[in-house]
Amino acid sequence: MYKYIIRRILVFIPMLFALTIIVFGLAQLAPGDALSGKSLADPNVDPEIYEQQREALGLNDPIYVQYWNWISSAAQGDFGNSLIFNGRSVMELIEARFANTLYLGLFSLAITIIVAIPIGIYSARKPYSMLDYGATGFGFLGLAIPNFFFGLIAIYVFSINLGWFPSQGTLSSPGVSGFDAFTDRIHHMVLPGITLGLAGTATYMRYMRSEVLDVLGSDYIRTAKAKGMSERNVLYKHTLRNALIPIITLMGFEIGVLLSGAVITEQVFQYPGLGTLFLSSVMNRDFPVVMAIALILGILILIGNLIADILYSIVDPRIRYD
Amino acid sequence: MTGNPLLEVTGLKTYFYLEDNLVARAVDGVDFTINEGETLAIVGESGSGKSITSLSIMQLVNRPGKIIEGTISLEDDDLLKKSSKQMTKIRGNEIAMIFQEPMTALNPVYTIGNQIIETIKKHKNLSKPAARERAIELLKLVGFPRAKEVMDEYPHQLSGGMRQRAMIAMAISCDPKLLIADEPSTALDVTIQAQVLDLLMEMKERLNMSILLITHDLGVVAEYADRVLVMYGGQIVEETEVESIFEDTKHPYTIGLLNSLPSLDKDVERLGAIKGSVPPAHSFPKGCRFADRCPHAMDQCRESNPELLSIAPNHKVRCYLYEQGGRSNGNRTRTTSKTKI
């Protein structure tokens, strides 16, 4: 068990290294830098000055030197300064927004699990019932509607018409604190959280339904029934744990899906998270910020997979020993 | 050596309601009795209804299958009148069952110990340590020398034969009166098959159980059974003691089954085979269900289905050849009897 986890963590290291090369390489491949186009916008500045700036920022150094400079300071938590936001440090920019995105992602994941798994189980136990058909219909709808469109509808119906939830931001006013701030945050996260989790909820529901149906038809469930186990025991002890195994794998990927989905959803709800920062940085070719966010998202996805693998080995004894 | 009737099945019909209004008559009017301490074998091809008969006794037939008629009495107590909750007290306790596929019949995510203990705790009023003690004893009884370690192992760590042993330990954990073994050795290596069946018989003697042995292997029948039911098309076509099934075979289907067995004391070029295959359970012919494959089929056979007829004490057969005394059986019955494998 511990050996397995340690081995998984060791595999994590080369993957992290590959990740940094990809992130850096992609940023290099993108045409232009933060200073390109500026001379056209402001013809009064001597192009020579831009060249001096490039030299000062190290943009003219050979690629491997730039990579080394970047990676060695990144390892110490220093991603340099933003080229756009008046030279504020990248870490400072990200820190303020990272927590917001993390909360939103976790909130959305929680909604997904709380809604999708019970409905999936129910659908499997009573296939072709009204609720099963309803859930299937909702599932297709949820997968078919794009995030941003559902977000707009949600704002229109629940914020503008009904006024139940705020349509943007994370807090009503900066003054609130303590428990009020907590509930206020949750209140602000409801619409973006549901929007973000919609496709995931639909997917998990379908998966859960088919997994439970599959397991219910298996030989060991027949054995459990033949031993006289009650229906509850058969469902919660013998079925659920087996049905959850593929769901856990899916959840490893879900973290990546949530974070990339957040880029669009945060934009729709003007939610001050990493997604909005990422989008504006890409628009402004603010590469230090873009690279830092891409790297952090990549690491989160790797961590997500690591957690999924560890959970997997806890639930399924066959994984522990190869 | 056999005592009072333990389980009596009368007029059992289990039908499957398929799409397009088709009804598969998987078990279609089956009567039989299992006596205390007896091993009754049900033999038949795939699709003859033998497994569905056993699942019907346990009331574990899945949708779209349904028991529509009949009685299943365990010591004069009709199981079909019991609620599903009452049935959970019968299953695993009074009647236990083991299955064909030991590889998939145990839950892969729980230890062997966990799965045996939960059975004991369900039916016996034992504390957890006491149940654990009993589980270890059971594992020793079925031949695990390192029973204590096996308790904490998972099914995937055991071989097929060992898993079947663990299944047997689980099945006998609550001293059932009847053990249903649905092809318990079919999925195992030949060398392991005999070990597992011998173990079953040893447990039977020790615990004074009855066994309902579902199999398609006549060699197994010859070796282990006291009485045999031959099933075809959801019905019993011949029922008799194990000796007479080999020495005084009556039904043309049973004769066909025996002819398709290799024999040790006769060298033949080709093994016999029964032409054709079992008709699908949703479209049985009007007459005898075996008529289309039967070498002795008469006009009468295609008109109506014969009744199960008693032709001698403890020998019943469903065939027009034996009505009103029938013809003499010498020219049709098989004479070689040594078919043990």
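Residue numbers (this note's numbering), protein chains in the order written: chain A, 1 to 322; chain B, 1 to 341.
Using N, Cα and C, we set each Cβ at its ideal position, and we do this for glycine too.
Where residue i falls, given that 16 or more other Cβ within 10 Å makes a residue buried
{"i": "Thr119 (chain B)", "result": "buried"}
{"i": "Leu271 (chain B)", "result": "exposed"}
{"i": "Gln193 (chain B)", "result": "buried"}
{"i": "Phe79 (chain A)", "result": "buried"}
{"i": "Asp198 (chain B)", "result": "exposed"}
{"i": "Lys250 (chain B)", "result": "buried"}
{"i": "Glu149 (chain B)", "result": "exposed"}
{"i": "Gly47 (chain B)", "result": "buried"}
{"i": "Ser123 (chain A)", "result": "buried"}
{"i": "Lys128 (chain B)", "result": "exposed"}
{"i": "Leu254 (chain B)", "result": "The sequence given here places Thr at residue 254 (chain B); Leu does not occur at that position. Its Cβ being crowded by 16 or more others within 10 Å, Thr254 (chain B) is buried."}
{"i": "Gly178 (chain A)", "result": "exposed"}
{"i": "Pro288 (chain A)", "result": "buried"}
Chain-ordered neighbours of residue i on chain A, where CB pairs are closer than 9 Å
{"i": "Leu106 (chain B)", "result": "Asp219, Tyr220 and Thr223"}
{"i": "Lys89 (chain B)", "result": "Gly228"}
{"i": "Met170 (chain B)", "result": "Thr223 and Lys227"}
{"i": "Lys122 (chain B)", "result": "Lys227, Gly228, Met229, Ser230 and Asn233"}
Span separating the alpha-carbon of residue i from that of residue j
{"i": "Lys89 (chain B)", "j": "Tyr224 (chain B)", "result": "29 Å"}
{"i": "Ser260 (chain B)", "j": "Leu218 (chain B)", "result": "10 Å"}
{"i": "Pro246 (chain A)", "j": "Leu102 (chain A)", "result": "24 Å"}
{"i": "Leu216 (chain A)", "j": "Gln100 (chain B)", "result": "18 Å"}
{"i": "Gly49 (chain B)", "j": "Ile6 (chain A)", "result": "52 Å"}
{"i": "Glu92 (chain A)", "j": "Ala75 (chain A)", "result": "16 Å"}
{"i": "Thr333 (chain B)", "j": "Ala297 (chain B)", "result": "Residue confidence is low: Thr333 (chain B) scores 45 on pLDDT, short of 50, so the model does not pin down where it sits. Its coordinate-derived value is still stated next. Taking the straight line joining both Cα atoms gives about 16 Å."}
{"i": "Ile274 (chain B)", "j": "Gly256 (chain B)", "result": "6 Å"}
{"i": "Arg97 (chain A)", "j": "Asn161 (chain A)", "result": "29 Å"}
{"i": "Asn81 (chain A)", "j": "Ile71 (chain A)", "result": "14 Å"}
{"i": "Pro279 (chain B)", "j": "Met231 (chain B)", "result": "13 Å"}
{"i": "Glu231 (chain A)", "j": "Asp20 (chain B)", "result": "31 Å"}
{"i": "Phe269 (chain A)", "j": "Phe165 (chain A)", "result": "12 Å"}
{"i": "Gly169 (chain A)", "j": "Tyr271 (chain A)", "result": "5 Å"}
{"i": "Ser210 (chain A)", "j": "Asp132 (chain A)", "result": "12 Å"}
{"i": "Ile299 (chain A)", "j": "Leu16 (chain A)", "result": "7 Å"}
{"i": "Ser173 (chain B)", "j": "Ile116 (chain B)", "result": "7 Å"}
{"i": "Gly161 (chain B)", "j": "Thr112 (chain A)", "result": "43 Å"}
{"i": "His315 (chain B)", "j": "Glu241 (chain B)", "result": "7 Å"}
{"i": "Gly193 (chain A)", "j": "Ala199 (chain A)", "result": "11 Å"}
{"i": "Ser89 (chain A)", "j": "Asp286 (chain A)", "result": "12 Å"}
{"i": "Ile68 (chain B)", "j": "Arg318 (chain B)", "result": "23 Å"}
{"i": "Asp214 (chain A)", "j": "Arg125 (chain A)", "result": "11 Å"}
{"i": "Arg8 (chain A)", "j": "Leu306 (chain A)", "result": "7 Å"}
{"i": "Thr71 (chain B)", "j": "Leu6 (chain B)", "result": "13 Å"}
Start and end residues, beta strand (DSSP E) containing residue i
{"i": "Phe16 (chain B)", "result": "Pro5 to Tyr17"}
{"i": "Thr423 (chain B)", "result": "No answer is possible for residue 423 (chain B): it lies beyond the span of chain B, which begins at 1 and ends at 341."}
{"i": "Tyr232 (chain B)", "result": "Arg227 to Tyr232"}
{"i": "Ser73 (chain B)", "result": "Gly65 to Leu74"}
{"i": "Glu183 (chain B)", "result": "No beta strand (DSSP E) contains Glu183 (chain B), which DSSP labels as neither H nor E."}
{"i": "Lys316 (chain B)", "result": "His315 to Val317"}
Own chain residues within Cβ distance below 6 Å of residue i, not counting five before or after
{"i": "Cys294 (chain B)", "result": "Pro252"}
{"i": "Arg25 (chain B)", "result": "Tyr15, Gly234 and Ala281"}
{"i": "Leu19 (chain A)", "result": "Gly298"}
Same chain, Cβ closer than 8 Å to residue i, neighbours up to 5 away in sequence not counted
{"i": "Leu196 (chain A)", "result": "Leu104, Gly105, Ser108, Asn147, Leu258, Gly261, Ala262 and Thr265"}
{"i": "Val290 (chain A)", "result": "Ala27, Phe278, Ser281 and Val282"}
{"i": "Gly256 (chain A)", "result": "Leu297, Leu300, Ile301 and Gly304"}
{"i": "Leu143 (chain A)", "result": "Ala199, Ala202 and Thr203"}
Close Cβ partners of residue i (< 7 Å) along its chain, the five nearest in sequence each way excluded
{"i": "Pro176 (chain B)", "result": "Asn93, Glu94, Ile95, Ala96 and Met209"}
{"i": "Thr335 (chain B)", "result": "In this predicted model, Thr335 (chain B) has a pLDDT of only 42, less than 50, meaning its place in the structure is not dependable enough to derive any value."}
{"i": "Pro102 (chain B)", "result": "Gly160, Arg163, Gln164, Met167 and Ala187"}
{"i": "Glu45 (chain B)", "result": "His216 and Val278"}
{"i": "Val142 (chain B)", "result": "Arg165, Ile168, Ala169 and Leu199"}
{"i": "Ile136 (chain B)", "result": "Ala147, Lys148 and Met151"}
Segment limits, alpha helix (DSSP H) that includes residue i
{"i": "His54 (chain B)", "result": "Note on residue identity: the sequence assigns Ser, not His, to residue 54 (chain B). It spans Lys50 to Met58 - the alpha helix (DSSP H) in which Ser54 (chain B) sits, taken as one unbroken run."}
{"i": "Lys225 (chain A)", "result": "Asp219 to Ala226"}
{"i": "Gly137 (chain A)", "result": "Met130 to Ala144"}
{"i": "Gly304 (chain A)", "result": "Phe287 to Val315"}
Within chain A, the residues that residue i reaches when beta carbons sit closer than 8 Å
{"i": "Tyr154 (chain B)", "result": "Pro317 and Arg318"}
{"i": "Glu101 (chain B)", "result": "Asp219"}
{"i": "Asn125 (chain B)", "result": "None at all; the shortest Cβ gap to chain A is about 14 Å."}
Amino acids of chain A, ordered along the chain, whose beta-carbon sits closer than 7 Å to that of residue i
{"i": "Leu60 (chain B)", "result": "Arg222, Lys225 and Ala226"}
{"i": "Met201 (chain B)", "result": "Under the 7 Å cutoff, chain A gives no residues; its nearest Cβ is about 21 Å from Met201 (chain B)."}
{"i": "Asn93 (chain B)", "result": "Gly228"}
Contacts of residue i in chain B (Cβ-Cβ under 7 Å)
{"i": "Arg241 (chain A)", "result": "Val109"}
{"i": "His238 (chain A)", "result": "Asn107"}
Closer than 7 Å: residue i CB and nearest the ligand NAP heavy atom
{"i": "Leu16 (chain A)", "result": "The ligand NAP is absent from the structure shown, which contains no ligand whatsoever."}
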